[in-house]
Amino acid sequence: MRRAAILLVLTLSALLAAAPASAGGPTSVLVTVPGEGRSTALYYTDTAYERLSEALGVGQRVREVRDAPNDFRDGPPVILTWLIHDVMVWRVDQVYVHDGTTYVLTQENVGGGPLSEGTSVLHRAGPGLTRILDQLLPTGNGYLRDTQVDTDPAAAAQAEPEPAAEVAAPVEATSPRLLVAVGVVGLLVGAVGTLIGLAPARSVRGRPALDGRSPADDAGSDDRQRLLRLGG
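For reference, each letter of the sequence shown is one residue, going -23 to -1, 1 to 209 in mature numbering (1 follows the signal peptide of the UniProt record, and there is no 0).
1) Check each candidate in V87, E94 and T58 and name the one with the smallest Cα separation from V81.
2) Pull up the distance between the alpha-carbon of T4 and that of S30, whole angstroms please.
3) Among T78, E94 and L110, which has the Cα closest to the Cα of D48?
4) Under 8 Å from any heavy atom of the ligand NAP, does the C-beta of A32 make it?
5) Tell me the residue span of the alpha helix (DSSP H) that contains Y21.
6) Check this for me: beta carbons of I56 and D70, under 9 Å apart or not?
7) May I have the straight-line CA-CA distance separating R108 from L114, to the nearest angstrom?
8) How is R43 classed by DSSP in three states: helix, strand or coil?
9) Kindly indicate which residue of R101, D111 and G2 has the alpha-carbon position closest to the one of D76.
10) Give a yes or no on whether the C-beta atoms belonging to L18 and Q112 are separated by under 9 Å.
11) Run the CB neighbour count on R40, radius 10 Å, all protein chains shown included, and call it buried at 16 or more, exposed below.
12) Quick one: is V64 buried, meaning 16 or more other Cβ sit within 10 Å of its Cβ, or exposed?
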């Protein structure tokens, strides 16, 4: 008995969860661009599906447009085919962009019969439609973005240019650090020069005589020769 009750609750929950999609409208949508080989599909659980439904007025009353120009269909359309249970066509939307306005030609048969037996109405798209379609099917030429109907001020605002990278300021010739560095280098050069100048003198004083006599012996010999010349 308890097991049967649990199964009954689970079955009712599944039916209630599926009711909004199956009983209230389509369950999926196919998005195509005829002649360009681009397409995508969405299921009713996708966020983009809900956004498309709102922008196209699916299940809502729309205001019919009677003053559209005769050539509003000149541009390539984006076609959205809405399916019930993923097999039966319920609604078809043809989206056109003309002179900054997005027009939608909707054919619908709520009863599930042929579209030719349903209603057909031309209306303007809601905010955000072309932006959603460009995200789903990037056009390359951006023709879907050329519209005033769903202009988003936040999205249309140009991004501020990034600030230029800061360049380190050159060191001035009279900076204190440079003067100190020059002084230190000068002292080092002077000290090296002094050591080089003293090296020959030290080597002369410390060098032994080639004949075994020291410089002092040479000086004494010279004195004796001078005394001999004076005595003679």
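All C-beta atoms in this analysis are idealised placements derived from N, C-alpha and C, irrespective of residue type, glycine included.
Bear in mind that the values here come from a model prediction, so they are computed numbers and not experimental data.
Let's see:
1) Residue T58 holds the alpha-carbon nearest to the alpha-carbon of V81 among V87, E94 and T58.
2) 11 Å
3) T78
4) With respect to small molecules bound, the structure shown includes none, and the ligand NAP cannot be examined in it.
5) Per DSSP, Y21 belongs to no alpha helix (DSSP H) and is neither H nor E.
6) In this structure, D70 lies closer than 9 Å to I56 by Cβ.
7) 10 Å
8) It is coil, neither helix nor strand.
9) R101
10) It should be pointed out that residue 18 corresponds to Ala in this sequence rather than to Leu. For the 9 Å CB-CB criterion, A18 and Q112 do not form a contact.
11) exposed
12) exposed
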